[in-house]
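Sequences listed follow chains A and B, in order. No gaps in the numbering here: position 34 of the first sequence is 41 in the working numbering, and each next residue is one more. No gaps in the numbering here: position 81 of the second sequence is 94 in the working numbering, and each next residue is one more. Glycine is no exception: its CB is placed at the ideal position from the N, C-alpha and C atoms. See below for the structure under consideration.
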Amino acid sequence: MQLKVPEHQVAGHIAKDGKPGPLVDDKGRFFKPVQEGSRGENEVKFYESFSSNTKVPDHIRRYFPVYHGTQAVEGSDGAAMIVLENLLSEYSKPSVMDVKMGSRTWYPDASEEYIQKCLKKDMGTTTVSSGFRISGFEVYDHKESSFWKPERKLLRGLNVDGARLALRKFVSSNSLSDIDSKPDSAFVSSVYGGSNGILTQLLELKTWFENQTLYHFNSCSILMVYENESMLKGGDDDDDARPQVKLVDFAHTLDGNDVIDHNFLGGLCSFINFIRDILQSPDESAET
Amino acid sequence: MLKVPEHQVAGHIARDGKLGPLVDDEGRFFKPLQGDSRGEHEAKFYDSFSSNKKVPDHIHRYFPVYHGTQLVEASDGSGKLPHLVLEDVVSGYSNPSVMDVKIGSRTWYPDVSEEYFKKCIKKDRDTTTVSLGFRVSGFKIFDHQELSFWRPEKKLVLGFNADGARSALRKFVSSNSSADSNSIPNCAFASEVYGGILTQLLELKAWFETQTLNHFNSCSILMVYENESILMKGGDDAQALLRAQVKLVDFAHVLEGNGVIDHNFLGGLCSFIKFIKDILQSLDERDDETDTSQLENGN
C-alpha cells in the first residue's frame, strides 16, 4: 500500500516532529491518526456510532466522510489510524476551505483548562462575533498555476470583514496573493449558488440540525471543496465545479441528549447568511 | 394612579421600598431608567426600533409598544425619575399565566467588562443557558381550583436542569400544577397554548434567520395566556380566549447587528422551539395511545 502525505490539508494536524500526521493512499482513502487520550477514542466512537445509526437520514450521510474502520499502519509505529474516504480524491485541482462552526468551541463537560483555552481563542476570532471562524483555505490560482493559501497567522486575526473577504477570495480567479486586489468573485454562482451549490447543501444541513438531537458537534468543521480545474476553460456546465460540503473533525462530538445542537445551528445560520450576502451582491462594492 | 404590577415573574420588583416598574390603569407599564447607562440604552433601542422601517409590521407585534419616556414618582420614594413608558403586555388579561425565558446560549457579549463577563458566564454555566440555549427565569400559573396564582421559588427555577426546564414548560400549561408538586403535569392547555405560541415563535425564527439590525443579548421571551375561561368554554373559541402571546422584553443589552445575524439568540430560539414541539408531539402520542386502548376495549 502506497501511503503519502496529503497535498491539500488546510487545517488541523500535520506530520511534525516524529508525530504521525494524516496519510492518503492511491485508492481514495484517508488515514487520520487516532488522537491522544479521550479525543481519539471519542472520534472513533463517533464514527462507529454514526455509520450504523439508522436515525440518520440517507440524504444527510453524504455530508459526512465514509468510515472504513480503524487500522494500524506501517510507518506510524503501529499507531491506530481512522480510515476514511479521501474527500479530495475525485478532484484534480481542489480549492478547499475549513470553517469551524459554532459561537463556542468549548462545551460543559470539558476540563476547566480546555474551556479557558477555547474561550480565549473564540473571543479573539470571529467565533464569538459571527458564530464561525475560518480555520484555513487553499485556492487554485490559474494565473500562477499553483495553489495559494493565506498564512495561519493572518487567519487567526481575521475579523468579520476579513472573513467576508476570504469567502470571496475563495471563489475568485484573480491574483490572490495581491492583498490589495479586489477579488473578482468569478465562481460565486457556480460554487455557492445553483441547485447543487454550497448554499443549497448548507440549507439541507440546517433543516436537519433544527431537529436532530443525536449529536452535538462541538468544535466541528465544515469543509467546502470545489473543482477549480475546468473553471476558466469556459462552458456553462455547473457540474464542473462539483462543490461539496462535508463535516469533519469529531474529536469533541458528544451525545445530544434530546437537545438540538443549538451552538452549531446558530453558527451555521450565520454562515449561511454570509454566503447568501455574497451571492446577492457579487460585486463587492455593493457591501460598502 | 400608579401601582406595582401584579404579574412580574422576573427582573426587579417594586416592593418593600425597592425601585421597580409600575403600571397605570390605562394599559401602560413604567420601567425606571437605571442609574447606569443601561436604562438610557434601552430607551435608545426602543426609540430607534419602533420607528425602524426595516422591521416588518408582523414582527413589530412581538415587541411592546413604546410611548417614550416620562418623569414619574419612583417606587422607592426617591422622587421623580425618568421612566420608559411601554405597553403593559398583560393588561388585557384578567388572570394571565406568564413565563419569562431568557434566550441565547450566552448572556454576555463582546466588549463587556471583565466583571460582567465573569458574572454572566458563571450564571450561564450554572443554569440551562449553556446546555439548552435558554433558561426559564420565572413563571406563574393561575390555578382554577384555588382561584389563585402559583409560582415556583426563584432559587428552584435557576437550579433547573434540562428535565426541570421541560417539567416547567409542561406545568405552565397544566391545570394541576399547584396541587401535589409530585403529580405529573396534565398538560391540559398544552395544545391550544403551545399551538398558538409555536406559530409565533416560528415567525420570529424566520425573521432572525436574516435580520442583522440588532443583537438581542440577554433578552427574554415572555409567554402569556389567559387562564380564566379555558375550562369553562372550549372548542373553537378556546384559542381566541386563550390569547397565547409571545413578546420580546428587556433590551438593556441590545447592540447593533453590524451585518451579522443574531446567531446566539437564533440558536437558543431554535432549541426552545424544539422543546415546545416535543411537548406537542408527546400529546399526539398520548392521544394515539388513548385511542388505541379505547379501540381495544371495544369502544
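Open item on the list: Within 9 Å of any Cβ in chain A, is that where the Cβ of leucine 244/B sits?
Closed with: What you label residue 244/B is simply residue 231 of the second sequence in a count that begins at 1. Annotation note: pLDDT 49 at leucine 244/B (below 50); position unreliable, coordinate value reported separately. Between leucine 244/B and chain A, the shortest Cβ-Cβ separation is not below 9 Å.
Task: CB of methionine 104/A within 9 Å of CB of phenylalanine 154/A, strictly - done: Reading the first sequence from its first residue, position 97 is the one you call residue 104/A. Reading the first sequence from its first residue, position 147 is the one you call residue 154/A. Taking C-beta atoms as the reference points, methionine 104/A and phenylalanine 154/A fail to come closer than 9 Å.
Task: Chain-ordered residues of the segment 172-193 of chain B with a beta carbon less than 7 Å from chain A - done: Here the close residues are Ala175.
Task: Span of the beta strand (DSSP E) around histidine 73/B - done: Translated into positions along the second sequence, residue 73/B becomes position 60. Not the beta strand (DSSP E): histidine 73/B falls in the alpha helix (DSSP H), residues 70-73.
Task: Inside the segment 154-230 of chain A only - alpha helix (DSSP H) runs reaching at least 4 residues - done: 159-163, 167-176, 205-216
Open item on the list: Buried or exposed, going by whether 16 or more other CB atoms sit within 10 Å of the CB of asparagine 93/A?
Closed with: Numbered from 1 along the first sequence, position 86 holds the residue referred to as residue 93/A. Buried, because 16 or more other Cβ atoms sit within 10 Å of the Cβ of asparagine 93/A.
Open item on the list: Within a Cβ cutoff of 6 Å, which residues of the same chain sit near isoleucine 289/B, ignoring the five residues on either side of it in sequence?
Closed with: Walking along the second sequence from the start, residue 289/B turns up at place 276. The answer, listed in chain order, is Tyr207, Leu211.
Open item on the list: Can you look up alanine 175/B in the DSSP assignment and give me helix, strand or coil?
Closed with: As a first step, residue 175/B must be located in the second sequence, where it is residue number 162. The answer is helix: DSSP assigns alanine 175/B an H, G or I state.
TODO: Determine the DSSP secondary structure at alanine 56/B, reduced to helix, strand or coil.
DONE: The count along the second sequence starts at 1 and reaches residue 56/B at position 43. Three-state result, alanine 56/B: helix.
TODO: For histidine 21/B, name the three-state secondary structure that DSSP assigns.
DONE: The count along the second sequence starts at 1 and reaches residue 21/B at position 8. Per the sequence presented here, residue 21/B reads as glutamine, with histidine not at that position. Coil at glutamine 21/B, not helix or strand.
Task: For leucine 279/B, three-class secondary structure by DSSP - done: The sequence position of residue 279/B within the second sequence is 266, counting from 1. Note: leucine 279/B maps to helix in three-state DSSP.
- [ ] Go ahead and label glycine 200/A buried or exposed: buried means 16 or more other beta carbons lie within 10 angstroms of its beta carbon, across all protein chains shown.
- [x] Walking along the first sequence from the start, residue 200/A turns up at place 193. Glycine 200/A comes out buried.
- [ ] Check whether the segment 144-158 of chain A touches the segment 266-281 of chain A, taking contact to mean three or more Cβ pairs, one atom from each stretch, closer than 8 Å.
- [x] no
Task: Counterpart residues of aspartate 113/B in DSSP-defined beta bridges - done: Locating residue 113/B in the second sequence gives position 100, counting from the first residue. In DSSP, aspartate 113/B forms a bridge with Gly151/B, Leu235/B.
Task: Partner residues on chain B for glutamate 217/A, Cβ-Cβ distance less than 7 Å - done: Taking the first sequence and counting its residues from 1, the one referred to as residue 217/A is at position 210. The answer, in chain order, is Cys283.
- [ ] Could you check what DSSP says for glycine 19/A in three-state terms: helix, strand or coil?
- [x] The residue you call residue 19/A lines up with position 12 of the first sequence. If DSSP states are grouped into helix, strand and coil, glycine 19/A belongs with coil.
TODO: Could you tell me which of Glu127/B, Leu293/B, Trp121/B sits nearest to aspartate 137/B, measuring between CA atoms?
DONE: Here residue 137/B corresponds to residue number 124 of the second sequence, with the count starting at 1. Nearest of Glu127/B, Leu293/B, Trp121/B to aspartate 137/B, Cα basis: Trp121/B.
- [ ] Return the first residue and the last residue of the beta strand (DSSP E) that arginine 36/A is part of.
- [x] Numbered from its first residue, the first sequence carries residue 36/A at position 29. From DSSP, the beta strand (DSSP E) with arginine 36/A extends over 36-40.
Open item on the list: Cβ closer than 7 Å: which chain D residues qualify as neighbours of leucine 174/A?
Closed with: Going by chain labels, chain D is absent from the structure shown, which instead holds the protein chains A and B.
- [ ] Taking C-beta pairs closer than 7 Å, name the residues in chain A that leucine 279/B reaches, listed in chain order.
- [x] As a working note, residue 279/B is residue 266 in the second sequence. Near leucine 279/B (Cβ distances below 7 Å), the residues of chain A are Gly273, Cys276.
TODO: Spell out whether any CB of chain A is found under 9 Å from the CB atom of aspartate 291/B.
DONE: Here residue 291/B corresponds to residue number 278 of the second sequence, with the count starting at 1. For aspartate 291/B, the answer is yes, since a Cβ of chain A falls inside 9 Å of its Cβ.
Open item on the list: The alpha helix (DSSP H) that contains asparagine 227/B, what's its start and end?
Closed with: Position 214 of the second sequence, counted from the first residue, corresponds to residue 227/B. Where asparagine 227/B is concerned, there is no enclosing alpha helix (DSSP H), although the beta strand (DSSP E) it sits in stretches over 227-229.
TODO: Name the two residues that bound the continuous alpha helix (DSSP H) containing alanine 87/A.
DONE: Taking the first sequence and counting its residues from 1, one reaches residue 87/A at position 80. First-last for alanine 87/A: 87-92, but that is the beta strand (DSSP E), not the alpha helix (DSSP H).
Task: Own chain partners of serine 204/B with C-beta closer than 8 Å, once the 5 adjacent residues on each side are dropped - done: Here residue 204/B refers to the residue found at position 191 when the second sequence is read from its first residue. Answer for serine 204/B: Leu293, Leu296, listed in chain order.
- [ ] Indicate whether at least one CB of chain A lies closer than 9 Å to the CB of isoleucine 286/B.
- [x] For this step, residue 286/B is matched to residue 273 along the second sequence. By this cut-off, isoleucine 286/B is an interface position.
Open item on the list: Beta-carbon within less than 7 Å of glycine 272/B's beta-carbon, same chain only, minus the 5 sequence neighbours each way: which residues are those?
Closed with: As a working mapping, residue 272/B is identified with position 259 in the second sequence. Cβ neighbours of glycine 272/B beyond the five flanking positions: Thr225.
Open item on the list: If you reduce the DSSP assignment to three classes, tell me which class aspartate 262/A lands in.
Closed with: One-based indexing of the first sequence puts residue 262/A at position 255. In this structure, aspartate 262/A counts as strand in the three-state DSSP scheme.
- [ ] Give a yes or no on whether the minimum CB-CB distance between aspartate 262/A and chain B is below 9 Å.
- [x] Position 255 of the first sequence holds residue 262/A. Closer than 9 Å: no.
- [ ] Can you give me the Cβ contacts of arginine 183/B inside the same chain, cut-off strictly under 8 Å, excluding the 5 residues immediately before and after it?
- [x] Numbered from 1 along the second sequence, position 170 holds the residue referred to as residue 183/B. Counting only Cβ-Cβ distances below 8 Å, and skipping sequence neighbours, we find Pro198, Cys200, Ala203, Ile292.
Open item on the list: Comparing C-alpha positions only, which one of Glu269/B, Leu268/B, Lys287/B, Ile274/B sits nearest to histidine 269/A?
Closed with: Here residue 269/A refers to the residue found at position 262 of the first sequence. Of the candidates Glu269/B, Leu268/B, Lys287/B, Ile274/B, the one whose C-alpha sits nearest the C-alpha of histidine 269/A is Lys287/B.
Task: Closest by C-alpha distance to serine 61/B, when choosing among Leu84/B, Val111/B, Thr140/B, Val267/B - done: As a first step, residue 61/B must be located in the second sequence, where it is residue number 48. The candidate whose alpha carbon is nearest that of serine 61/B is Val267/B.
TODO: Write down every uninterrupted run of the beta strand (DSSP E) in the segment 68-145 of chain A whose length is 3 residues or greater and which is fully enclosed by it, in chain order.
DONE: The qualifying runs are 74-79, 87-92, 101-108.
TODO: Consider the Cβ of methionine 130/A: report whether some Cβ of chain B lies at a distance smaller than 9 Å.
DONE: What you label residue 130/A is simply residue 123 of the first sequence in a count that begins at 1. Yes, because at least one Cβ of chain B sits closer than 9 Å to the Cβ of methionine 130/A.
TODO: Indicate whether at least one CB of chain A lies closer than 9 Å to the CB of valine 143/B.
DONE: By one-based count along the second sequence, residue 143/B stands at place 130. Yes, valine 143/B counts as interfacial toward chain A.
Open item on the list: What does the Cβ neighbour count give for leucine 161/A, buried or exposed, with the cut at 16 atoms within 10 Å?
Closed with: Residue mapping note: residue 161/A aligns to position 154 of the first sequence, counting from 1. Flag for leucine 161/A reads exposed.
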